[in-house]
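*Asks:*
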Amino acid sequence: MSAPTRRFLLCAFGDPGHAFPAIALGRALAARGHEVCLQTWERWREDVEREGMRFEPAPEYRVFPKHGESLKPYQAAVLAAEESRPLIRDFDPRAIVADILTTAASLGAELEGRRW
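Residues -1 to 114 (the numbering used here) make up the sequence shown, in order.
1. Considering only the alpha carbon of each residue, which of L27, L8, M51 and A107 lies closest to P2?
2. Going by beta carbon distance, what residues of the same chain come within less than 8 Å of E44, once the five residues before and after it are set aside?
3. Under the rule that 16 or more other beta-carbon atoms within 10 Å means buried, what is G18, buried or exposed?
4. Check whether the segment 95 to 106 and the segment 75 to 86 are in contact - that is, three or more C-beta pairs closer than 8 Å.
5. First and last residue of the alpha helix (DSSP H) that includes F18?
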């Protein structure tokens, strides 16, 4: 008897050192028959989809914005969490796994009453 299929939402900051481990984890979960959605920067869409996962673009904010356009770190986290909530609701993951810089996923999970 095989283990039940589960849905996992993986969320990673878009730099390679964050995205590559998330892609590797997602590939391993997908290979075991789980449904995986990876939310990261648009630049990784092709890599994520090639590994058999659903891709969702993560909010991207300018690292060095023009004067007057910057967000405080907590403002960016709150905004990104709100932007992530519909994905969490619609995908309905069993668990959410986020890297250390992706606070939006954990905040969004808390707001939606989900495991992370």
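For glycine and all other residues, C-beta sits at the position ideal for the given N, C-alpha and C.
*Replies:* In terms of the structure at hand:
1. Position 4 of the sequence shown, counting from 1, holds the residue named residue 2. The candidate whose alpha carbon is nearest that of P2 is L27.
2. As a working note, residue 44 is residue 46 in the sequence shown. Excluding positions up to five away in sequence, the list is empty.
3. As a first step, residue 18 must be located in the sequence shown, where it is residue number 20. Correcting the residue type first, residue 18 is Phe in the shown sequence and not Gly. The residue is exposed, with fewer than 16 neighbouring Cβ atoms inside 10 Å.
4. The segment 95 to 106, when compared against the segment 75 to 86, does touch it at the 8 Å Cβ threshold.
5. For the purposes of this step, residue 18 is identified with residue 20 of the sequence shown, where counting begins at 1. Judged by DSSP secondary structure, F18 falls within the alpha helix (DSSP H) whose first and last residues are P14 to A29.
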